[in-house]
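Asks: Chains as they are written, first to last, in this note's numbering: chain X, 370 to 696; chain D, 197 to 575; chain E, 3 to 378.
Heads up, the beta-carbon is just placed ideally off N, CA and C, and yes, glycines get one too.
Source: prediction; values computed, not measured.
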Amino acid sequence: MTILNLFFVVFLGILFFVSYFHISNLVLDTYGEKSVKRYNFENSIRVIIFIAPAFIVLFIFILYPVFETVRLSFYDKFGREFVGFYNYKWAISDPEFRRSILNNLIWLLVVPTLSTFFGLVIAKLADNIWWGSIAKSIIFMPMAISFVGAGVIWKFIYEYRGPGDTQIGLLNAIIVSFGYEPQAWITIPFWNNFFLMAIMIWIQTGLALVIFSAALRSIPKEMLEAARIDGASELKIFFSIIIPYLEQTILVIWTLITIIVLRIFDIIFAMTNGEWQTGVLANLMYDWMFRGGGDSGRGSVLAIVIMIGVIPILAWNLYKHRQEQKI
Amino acid sequence: MKKISLSSILSQLLLLFFVIIWIIPTFGLFISSLRDKDLLAISGWWTSLTTTEINEIYRMPGMNAQIEEGGYFKIKGNLFEENSGKKIQSFGITSKKINEFNVSEVAVFKDESEVTVDEDGNYEWLSKEAFKKKKGKRLFTTSLSPPSFTFENYREVLFKEGIGRAFINTMAVALPSTLIPLIICSFFAYSLTWMKFYGRDTLLAIIIASLVVPLQMSLIPILTIYNDFGALFGVAAKSYPGVWMAHTGFGLASTTFLLRNFLKSLPNEMMEAAKVDGASHYDIFLRIIIPLSIPAFASIFILQFLWCWNDLLVGLVFLDQVPSEIILTAKLKELLGSRGENWEILTTGAFVSMTVPLFIFFALQRYFIRGLVAGSVKG
Amino acid sequence: MYDDVFIHLKDRSKEDEVADININTVNKYFGDVHVIKDVSLDIKSQSFTVLVGPSGCGKSTMLRMIAGLEDINSGTISIDGQVVNDLPPKQRNIAMVFQSYALYPHMTVFDNMAFGLKLEKRSKDEINERVNEAARILQIEDYLQRKPKQLSGGQRQRVAIGRAITRKPKVFLFDEPLSNLDAALRVQMRVELAKLHNELEATMIYVTHDQTEAMTLADDIVVLDTGIVSQKGSPLELYDRPNNMFVGGFIGSPKMNFISSKILSKSSDATEVDIMGMSKISVSKMSASSSEGDSVTLGIRPEHLVVNGDSDGSWESKVFVVEKLGDVTYLYLEKDGEPLVAETEGHSEIKVGDTVKVGFPAGRCQLFDSSGQAFK
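This is the structure:
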């Protein structure tokens with residue numbers, strides 16, 4: 370496809386949706402209101418025009434696939450023959466799957482916690498400092514970068530050269546300058562997970578930071594002043610007033626990052642491709658989707674395991690939504 | 197008072213520490229992408245920021261370059277490329293003693309030929325007898341090199357490595373993948389907020405639930421649909437419209453959710469006033485909702501655009517990995533595999549892929565942050 | 003089809019006396035909550051009708067049903083003889099002014115006022131003419147190119163009214179339009195609304211919880227209480243002859259005093275009641291359903307209480323708060339746990355702690371039976 374064609378296709382694609390809404394609504398506006406009795410009819414048509422595209426997309430890309438994935442998990446690799454729990458049994462006995470689950474759990478434990486922690490600390494430090502907003506911008510910036518881009522950046526930091534050579538990776542250069550042996554960081558099993566997690570923390574801290582910054586500004590100044598008058602130290606205020614006050618925010622951010630981490634794929638795919646025992650569920654699933662023509666049964670089981678991770682969050686969200694609706 | 201200022205200094209220092217840790221990786225990448233590719237492979241990027249001492253080996257040309265002058269045979273030349281800015285400190289003629297001579301001292305080879313080197317790299321190799329070898333002798337130099345940067349890597353990466361095309365492809369993926377959901381979700385969110393119909397609350401609950409459904413749940417069935425669709429109509433299963441719709445599907449819940457939150461904050465009475473004024477829902481949407489939603493649209497546009505621009509998985513699964521379709525992230529990943537040691541290509545490619553996000557980040561940070569704070573939840 | 007013609011003819015035949023808006027046994031539920039209960043109302047053409055009541059009484063819902071912004075669960079609403087239950091707002095020939103003004107923040111004042119006309123696809127000249135005319139009436143000609151956020155509250159209110167005027171509707175609906183203004187502006191706008199009503203000769207329906215606005219503006223006041231029309235009548239009718247305790251208490255400021263009492267005896271045209279066990283009074287009002295010994299409530303307005311003067315029934319009471327407002331003085335009295343407010347002259351010598359003689363003329367008081375209904 371030439372570049373010119375590409376632009377044309379892009380333009381057509383967007384134009385299609387704009388014209389759908391515009392033309393159908395204009396037709397309805399012109400012919401719909403002529404008769405009194407058609408008013409309710411007109412309204413129903415309008416609802417359908419407004420909802421249809423989004424609903425169809427929602428159905429094809431979210432609703433149907435959820436059920437289809439559950440179905441496929443009970444079928445063979447081509448999705449043709451019913452095999453019961455065979456794929457699940459395979460998963461439980463597969464060492465790679467166990468390794469991935471374990472890695473996922475470590476990620477879930479470490480990344481949301483540290484990102485939230487750093488985000489909160491930095492938000493507090495940067496609050497009320499004249500260069501605070503510059504500092505926040507810098508720490509927030511990795512949020513804009515792709516996981517793959519971040520992967521390249523950090524791969525460069527972790528770059529390893531043999532002991533005699535000049536180290537061009539920053540981490541090894543520092544280690545060597547202190548007189549230690551350089552290390553091939555991302556190939557050291559188990560610990561390499563943490564070097565990959567550092568990348569994610571580097572990115573997600575910015576998310577926590579901006580949300581905490583907004584939340585910190587919402588804390589009533591009078592409350593902090595009252596505490597100061599009562600003689601509380603800044604540290605005491607932070608732990609006894611600010612943190613309890615931000616409890617909800619902390620929970621929200623922690624959940625947000627948990628959801629992102631649960632489906633982490635790009636960083637590991639770019640950095641190690643799951644080698645040196647760094648694989649997680651999403652990578653394993655990608656492998657099974659495309660390895661040897663694909664195995665939709667096993668791939669589906671892996672997707673479902675990821676889904677199970679978000680179900681508590683999903684239930685909590687729905688519960689919160691209910692509560693809001695009641696008010 | 198003094199105690200407070202001490203703790204304030206400490207906390208500023210701590211913040212500075214964080215800032216440095218956070219900026220260094222990106223900064224290093226940026227500097228590296230501007231360095232000469234040969235230097236990049238042999239020295240850390242931090243060395244390029246200051247004048248550094250570097251050791252180089254230069255082989256002088258052989259007999260073909262000699263001229264005869266005043267009874268001597270001479271070979272003249274300069275060790276450096278033009279405008280390198282390097283200054284020679286010392287040089288040597290054997291690999292064992294590379295610092296043997298200072299600038300303008302005369303070094304004598306075993307064959308009694310003599311060589312002098314000045315600070316700027318000009319050398320003169322004299323011999324009483326004619327040079328007979330095709331290859332000249334080696335000179336070992338130690339020179340001070342000032343920081344020097346080049347755009348050469350960018351030229352190479354953009355035009356030779358296919359990053360330029362990948363950049364355009366990514367734009368062709370990200371732009372519709374952002375605008376289409378924005379268009380259809382704004383109507384959807386409007387009807388969820390301001391229209392009454394049966395099943396509205398259920399639909400809203402489905403949206404809330406879909407917010408957290410990981411996209412892995414959808415990959416296999418959608419890929420199957422695409423393959424069937426492609427086979428049925430005899431078109432390629434993987435295509436740009438396919439990617440747009442996939443991104444639209446995965447971004448639908450969060451886009452709708454954010455827009456609805458915004459629309460809900462508009463006053464109900466204003467919609468009613470418009471109704472009394474005789475506006476249909478479409479009139480209200482066009483003349484009232486859209487003008488008032490520009491800031492919200494901007495926030496959501498940025499979030500979804502960055503998401504699509506930075507995405508790897510959807511681009512890998514729903515596009516062919518060929519030059520006319522491959523996106524930046526997939527291209528980078530490919531380069532990581534095939535050109536893993538060519539850091540000039542990797543760093544430059546990564547930086548090219550970051551230009552658009554960084555531009556958006558710095559130009560529209562306010563909207564970006566507002567969108568995130570509004571409760572960005574991406575499924 | 004024949005039905006349509008028939009209705010048409012019927013309306014024609016009594017065109018002059020027909021009420022412009024007829025509300026017939028209308029019911030409205032929000033979920034399980036029954037907010038409007040069998041309400042029937044006739045609103046005369048070109049009248050200024052005020053729907054008044056405490057918050058939650060359903061007055062705004064009534065207005066919104068007339069506007070077509072809320073569905074009706076049962077009953078009919080007709081405007082000019084035409085049943086409008088299923089008509090969208092724009093086909094009802096109404097305009098509405100909202101409590102929050104509901105101006106379009108991104109449009110200039112001119113565009114706000116022209117919005118409805120543009121949707122009707124009127125010509126540019128007509129739009130200009132009508133908007134300028136409305137702006138002239140409301141004295142907002144200087145602000146036409148400003149955005150709403152550059153205006154003060156009072157100016158925004160005028161724009162909201164102007165937006166209604168430009169469309170020249172048959173019916174104006176006002177939903178607590180003055181409640182966001184400060185006290186001084188409220189009085190000023192009240193006067194202007196009254197003027198506007200005279201000028202436009204349109205039917206106006208006005209919702210408020212403020213009984214002063216109701217009294218000053220209305221031709222007819224409709225008092226709503228938890229979804230029921232408590233009483234409909236002219237302001238003075240409601241003031242002088244409230245149908246029940248609710249209306250008695252709602253209309254008038256300060257509130258009507260209520261004194262628990264008992265019927266001592268009944269005659270053919272009067273009822274004799276006890277006053278605080280200290281006195282008795284014969285009121286020439288009757289209720290068929292009451293009998294001797296029944297508890298009743300005696301209602302008397304503060305301005306009708308006579309302090310240290312001649313009256314039909316009187317008793318002694320201790321003063322515990324004195325409020326001097328200049329033109330009048332309010333005395334807060336208490337007797338046997340029943341608080342009372344009495345009005346007396348501005349320069350009163352009465353001090354807190356004094357004991358005063360309080361009484362009232364029999365003709366000025368109301369009697370309410372145990373269910374709150376007034377004696378006639």
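1) Take E/G348 and list the residues in its own chain whose beta-carbon comes closer than 8 Å to its own, dropping the five residues that flank it on each side.
2) Out of E/L240, E/I23, E/K39, state which residue places its alpha-carbon closest to the alpha-carbon of E/K30.
3) Check each residue of the region 515-545 of chain D: if its Cβ is closer than 7 Å to any Cβ of chain X, include it; give the result in chain order.
4) Please give me, in chain order, every unbroken run of the alpha helix (DSSP H) with length at least 4 that falls completely inside the region 412-481 of chain D.
5) For a contact meaning CB atoms closer than 8 Å, what does X/Q536 contact in chain D?
6) Below 8 Å, how does it come out for the region 412-427 of chain X and the region 622-635 of chain X: are there three or more Cβ pairs, yes or no?
7) Just how far apart, CA to CA, sit E/G118 and D/S387?
8) Does the beta carbon of D/R361 sit closer than 9 Å to a beta carbon anywhere in chain X?
9) Within 9 Å (strictly less), CB to CB, does D/I421 reach chain X?
10) What does the Cβ neighbour count give for E/R158, buried or exposed, with the cut at 16 atoms within 10 Å?
11) Say whether chain D places a C-beta atom closer than 9 Å to the C-beta of X/M658.
12) X/T438 versus chain D: which residues are under 7 Å apart at the beta carbon?
13) Would you check if the region 348-363 of chain D and the region 286-303 of chain D touch, i.e. whether three or more CB-CB distances between them fall below 8 Å?
14) Along chain D, which residues have their Cβ under 8 Å away from the Cβ of E/A122?
15) Kindly provide the ranges of any beta strand (DSSP E) runs that are 3 or more residues long and lie completely inside the region 293-348 of chain E, ordered along the chain.
16) When burial is assigned at 16 or more other CB atoms within 10 Å of the CB, is X/I612 buried or exposed?
17) Measure from the alpha carbon of D/A546 to the alpha carbon of each residue in X/G488, X/V521, X/Y457, then state which is nearest.
18) Grab me the residues of D/R231's own chain with a C-beta within less than 6 Å of its C-beta, minus the 5 sequence neighbours each way, in chain order.
19) For chain X, is any of its Cβ atoms less than 9 Å away from the one on D/Q500?
20) Going along the chain, which residues of the region 463-492 of chain D sit with their C-beta nearer than 8 Å to a C-beta in chain E?
21) Looking at the C-beta of X/Q692, does it have a partner C-beta in chain C at a distance below 9 Å?
22) Does D/P553 have its Cβ less than 9 Å from a Cβ in chain X?
23) When you compare the CB positions of X/L429 and D/I421, do they come within less than 9 Å of one another, or not?
24) Determine the chain D residues that contact E/G60 at a beta-carbon separation under 9 Å, and present them in chain order.
25) According to DSSP, is X/S582 helix, strand or coil?
26) List the residues that DSSP assigns as beta-bridge partners of E/Q375.
27) Using C-beta distances below 8 Å, list every residue in its chain close to E/P363, excluding the 5 sequence neighbours before and after it, in chain order.
28) At 7 Å on the CB atoms, spell out the chain D contacts of E/K170, in chain order.
29) Is the shortest distance between the beta-carbon of E/G70 and the beta-carbons of chain D less than 9 Å?
30) Anything in chain D within Cβ reach of E/A272, meaning under 9 Å, just list it in chain order.
31) How long is the line joining the alpha carbons of D/L211 and X/W571, rounded to whole angstroms?
32) Does the beta carbon of D/F429 sit closer than 9 Å to a beta carbon anywhere in chain X?
33) State the beta-bridge partners of E/M98 as determined by DSSP.
34) At a CB distance below 7 Å, what residues from the region 328-346 of chain D approach chain X? Give them in sequence order.
35) What did DSSP end up calling X/W499 once you bin it into helix, strand or coil?
36) Report the start-end ranges of each alpha helix (DSSP H) in the region 459-516 of chain X that is 4 residues or longer and not cut off at the edges.
Replies: Quick answer:
1) Excluding positions up to five away in sequence, the list reads K326, L327, G328, D329, V330, T331.
2) E/K39
3) S520, T525, L528, K529, L532, W539, L542, T543
4) 412-429, 436-460, 464-472, 477-480
5) Residues of chain D whose Cβ lies closer than 8 Å to the Cβ of X/Q536 are, in chain order, G240.
6) no
7) 22 Å
8) yes
9) yes
10) So E/R158 counts as buried.
11) yes
12) Using a Cβ-Cβ cut-off of 7 Å, X/T438 is close to M413, I416, P417 of chain D, given in chain order.
13) no
14) Per the sequence shown, the amino acid found at residue 122 of chain E is Glu instead of Ala. Ordered by position in chain D, the residues that pass the 8 Å Cβ test against E/E122 are G474.
15) DSSP runs (the beta strand (DSSP E)) wholly in the region 293-348 of chain E: 297-302, 315-326, 330-337, 340-347.
16) exposed
17) Between D/A546 and the set X/G488, X/V521, X/Y457, the nearest pair of CA atoms involves X/V521.
18) S244
19) no
20) P463, E465, M466, E468, A469, A470, K471, V472, D473, G474, A475, D479, R483, I484, P487, L488
21) Absent here is chain C; the protein component of the structure consists of chains X, D and E.
22) yes
23) For the record, residue 429 of chain X in the displayed sequence is Ile; it is not Leu. A contact, by the Cβ cut-off of 9 Å.
24) In chain order: nothing, as chain D lies at least about 17 Å away.
25) helix
26) For E/Q375, which the question treats as bridged, DSSP gives the partners E/N246.
27) H306, V308, S313, D314
28) Within chain D, no residue comes near E/K170; the closest Cβ sits about 13 Å away, beyond 7 Å.
29) yes
30) In chain order: nothing, as chain D lies at least about 52 Å away.
31) Taking the straight line from one Cα to the other gives about 15 Å.
32) no
33) E/L175
34) none
35) coil
36) 464-495, 501-509
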